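Okay, so the sequence shown: first residue is 1 according to the UniProt record's numbering, each after it adds one. Glycine included, C-beta positions come from ideal geometry on N, C-alpha and C. Keep in mind that this is a model prediction, so the values were computed, not measured. To keep things clear, I will list the structure first and then write my remarks on it.
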Amino acid sequence: MIVLQVNQLYKSFIADEILSGVKLEVQHRDRVALVGRNGAGKSTLLKIIAGQMSYDSGDIIIPKDVRIGYLEQHAGIDSALTIWDEMMTIFEPVRKMEAKLRHLEQQMAERYDDDKLLAEYDQLQHDYKAAGGYQYEADTRSVLHGMQFFPEDYTKHITSLSGGQRTRLALAKLLLSKPDLLILDEPTNHLDIETLSWLENYLKGYDGAILIVSHDRYFLDQIVSIVYEVSRHKVSRYVGNYSAYLDEKAKNYERDMKTFERQMDEKAKLEAFIQKNIARASTTKMAQSRRKQLERTEWMDAPDGTEKSASFGFTIERQTGNDVLTIDDLAIGYPGKEISKNITMRVYREDRLALVGPNGVGKSTLLKTVVKDLDAFHGTVRYGSNVQIGYYDQEQAKLNSNKTVLQELWDEWPLLNEKDIRSTLGQFLFSGDDVSKIVNSLSGGEKARLALAKLMMQKANVLILDEPTNHLDLDSKEVLENALIDYPGTLLFVSHDRYFINRIANKVIELSNDGAFEYLGDYDYYVEKKIELEEIAAAKLAAAGAQQVASTQTKQTTSTIDKDAKKRERQIRRAIEELEQQMATFDDTIAELEEQLCDPEVFSNHEKAFAVQSNLDTQKEQREEIEMQWLELSEELEQF
1 MIVLQVNQLY
11 KSFIADEILS
21 GVKLEVQHRD
31 RVALVGRNGA
41 GKSTLLKIIA
51 GQMSYDSGDI
61 IIPKDVRIGY
71 LEQHAGIDSA
81 LTIWDEMMTI
91 FEPVRKMEAK
101 LRHLEQQMAE
111 RYDDDKLLAE
121 YDQLQHDYKA
131 AGGYQYEADT
141 RSVLHGMQFF
151 PEDYTKHITS
161 LSGGQRTRLA
171 LAKLLLSKPD
181 LLILDEPTNH
191 LDIETLSWLE
201 NYLKGYDGAI
211 LIVSHDRYFL
221 DQIVSIVYEV
231 SRHKVSRYVG
241 NYSAYLDEKA
251 KNYERDMKTF
261 ERQMDEKAKL
271 EAFIQKNIAR
281 ASTTKMAQSR
291 RKQLERTEWM
301 DAPDGTEKSA
311 SFGFTIERQT
321 GNDVLTIDDL
331 AIGYPGKEIS
341 KNITMRVYRE
351 DRLALVGPNG
361 VGKSTLLKTV
371 VKDLDAFHGT
381 VRYGSNVQIG
391 YYDQEQAKLN
401 SNKTVLQELW
411 DEWPLLNEKD
421 IRSTLGQFLF
431 SGDDVSKIVN
441 SLSGGEKARL
451 ALAKLMMQKA
461 NVLILDEPTN
471 HLDLDSKEVL
481 ENALIDYPGT
491 LLFVSHDRYF
501 INRIANKVIE
511 LSNDGAFEYL
521 GDYDYYVEKK
531 IELEEIAAAK
541 LAAAGAQQVA
551 STQTKQTTST
561 IDKDAKKRER
571 QIRRAIEELE
581 QQMATFDDTI
591 AELEEQLCDP
601 EVFSNHEKAF
611 AVQSNLDTQK
621 EQREEIEMQW
631 LELSEELEQF
């Protein structure tokens, strides 16, 4: 069943074309991703589909009975209700049915023989069950727990929540409403790794269709099966998850590039022939024919892969010693509030350390303490020899000036000439009039690129990065990853981007309120090892519990066990005596048969000898079986 069809959609803002001839289709239970660079038109397309933005021409076909739920970027709930009461507004029709059921039950207690009343109650009960009446509260608790809201939070008023909490609550409310088409624009913002994992599992089992924009490649790999790429105002369809899309796109680019180069060669030859022969009388007609051919041919545009990308790398002026950072018994937090304590860790030269942990545990606070933006409560942070730290702040707190982009960089490196500063900014896609933009007015992605430009200019040998992939599109993330992989210094970073952690980290530090635990590997290794450690801990706990139960019950059951043991011992002894008697009987029979074989009348008669020998063999086999039983029982008896 098709839940959404977009045909030949066009959208422009004044003179700027955003979307041109877009085609898109979503079927029931499809998991579809929209990918593309920042500014390509992904969010615009979602808003048009959700009915929040007009479009110039084209068709958007949505069946009448299909319900759409849309979560835009940075959306948050603005309500004076408590968390629980706000969630209950979704189930208002169900709660009205519940109230009516209670009312009918009261009436039935007085008019128990009213068939009409009973029929109405049966039908309403059926409708109530079909609407999820018996599970909506359990579903609500489950989703709120997944979004890191716990029973003690239910009575909190939404006005007291942070922006990130309100965004998570908006996502929870949308998930509970269970629309037929779930449209999510960057739903992974403000989610820690634990919440991301929960959301992935929830969406995998979601009963409707999903259309999603996300820059989290790990998340996309887990969820989606169809990818639409928005590029150069058009949309292209790829089957598979994000990794499959990258592979297919690379193959298509290679194929298209060969076709493009072949066409350009052909075009160049035509142009050369025309230029050479158009003025010559004998060949002018041929040249004119070639010119018509040149004008009639629809020449292929350069493949999308030739779009301009950021291009940069990080270098250092000199290397550090082997010991870069030594942190001992550190307690961190803000004035008047300790967040985490007992933090001990070592950072060595060329380490790539990823800090992970739930939101609010102090990851960013630890980085700010290391770079001395915050004071430690107690404990020590010691720096190795020749350590030069470059710090990337996820909040871009220091990029709020009224300077131009050019001035922002040039004022910090005034000895460089303007050409070099412009060249550096060009590497981060600031060209032409972009360098005259006011820093305050830059978008999140532009500020991120400017911060990375300043970081590159520092040539620090230790980079401390707080969510460096936030605000970057997928292409810029890949460029940053490649630059960090080639970086010869030391990295300490916080990121919720698991794909990024997998590519960069060689160690993962999990931070908690009571300390830090180190895992020697990338993100996948960290998850695998953590599960393994949790299973070992659970097994030990279960064993300890079983041992405790066993020791508690020992006194109560000792007499019973003794009685059973003595009873079994008597049974074995009787069985052994019976088997010994049977073996003695078989021994006598075997001896008689062996004597018969020695009798001349028997051994001289072939038929008699064969019959006696057969009987003897049978008796010996039976005797061996009884002997085996006797041995087993004897061994069991020895245990008593």
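Does the distance from the C-beta atom of residue i to that of residue j stay below 8 angstroms?
i, j, result
"PHE339", "GLY379", "The residue asked about is misnamed: residue 339 is Ile in this sequence, not Phe. In this structure, GLY379 does not lie closer than 8 angstroms to ILE339 by Cβ."
"GLY489", "ILE332", "no"
"ILE576", "LEU633", "yes"
"ILE531", "GLU518", "no"
"VAL6", "VAL22", "yes"
"ILE158", "ILE77", "yes"
"PRO128", "GLU98", "The sequence shown places Tyr at residue 128, rather than the Pro named in the question. Yes, the pair counts as a contact, with Cβ atoms nearer than the cut-off."
"TYR523", "ALA505", "yes"
"SER401", "VAL370", "no"
"SER309", "ASP475", "yes"
"residue 659", "ALA209", "The structure shown has nothing for residue 659, since the chain only spans 1 to 640."
"GLY362", "LEU511", "yes"
"ILE274", "LEU294", "yes"
"VAL213", "LEU46", "yes"
"MET108", "LEU117", "yes"
"TRP299", "LYS258", "no"
"TYR206", "LEU24", "no"
"LEU353", "LYS507", "yes"
"ILE226", "ILE49", "no"
So residue i and residue j are supposed to be a Cβ contact under 8 angstroms. How far apart are they, rounded?
i, j, result
"PHE312", "GLN388", "Not a contact, Cβ separation roughly 18 angstroms."
"LEU211", "VAL32", "5 angstroms"
"VAL494", "LEU367", "6 angstroms"
"HIS473", "HIS215", "According to the sequence as given, residue 473 is Asp; it is not His. That pair is a contact at about 6 angstroms."
"TYR253", "PRO303", "5 angstroms"
What is the rounded straight-line gap between the Cα of residue i and the Cα of residue j?
i, j, result
"HIS145", "TRP84", "12 angstroms"
"LEU355", "ASP375", "19 angstroms"
"HIS103", "GLY69", "33 angstroms"
"SER57", "LEU9", "6 angstroms"
"LEU450", "GLU467", "15 angstroms"
"GLU624", "SER604", "29 angstroms"
"ASP30", "VAL230", "18 angstroms"
"ALA543", "GLY357", "29 angstroms"
"LEU161", "GLU86", "13 angstroms"
"ASP411", "GLN319", "27 angstroms"
"ASP113", "GLN125", "18 angstroms"
"PRO63", "PHE500", "39 angstroms"
"ASN470", "LEU220", "16 angstroms"
"ALA279", "ASP16", "41 angstroms"
"ASP323", "SER385", "8 angstroms"
"ILE90", "ALA80", "16 angstroms"
"SER431", "GLY444", "17 angstroms"
"PHE586", "HIS606", "25 angstroms"
"GLN222", "ASP497", "13 angstroms"
"ASP599", "GLN613", "13 angstroms"
"MET456", "PHE314", "5 angstroms"
For residue i, name the three-state secondary structure that DSSP assigns.
i, result
"THR89", "helix"
"ASP16", "strand"
"ARG574", "helix"
"SER604", "coil"
"ALA75", "coil"
"GLY521", "coil"
"ASN7", "strand"
"GLU186", "coil"
"VAL35", "strand"
"residue 645", "Since the first residue of the chain shown is 1 and the last is 640, residue 645 is not available in this structure."
"PHE260", "helix"
"LEU374", "coil"
Output needed for residue i: all residues of its chain with C-beta closer than 8 angstroms, excluding positions within five of it in sequence on either side, in chain order.
i, result
"VAL435", "THR404, VAL405, LEU406, ARG422 and LEU425"
"GLY41", "LYS11, ILE18, LEU19, VAL230 and HIS233"
"GLU105", "TYR121"
Which residues in the same chain have their Cβ closer than 7 angstroms to the Cβ of residue i, if we skip the five residues on either side of it in sequence?
i, result
"ASN615", "LEU593"
"residue 729", "No answer is possible for residue 729: the residues shown for the chain start at 1 and end at 640."
"LYS437", "THR404 and VAL405"
"GLU636", "ILE572"
"GLN629", "LEU579"
"ASP393", "ASP466"
"HIS28", "MET1, VAL3 and ALA209"
Sorted by chain position, which residues of the same chain lie with C-beta nearer than 6 angstroms to residue i's C-beta, five sequence neighbours on each side aside?
i, result
"LEU175", "VAL143"
"GLU248", "TYR238"
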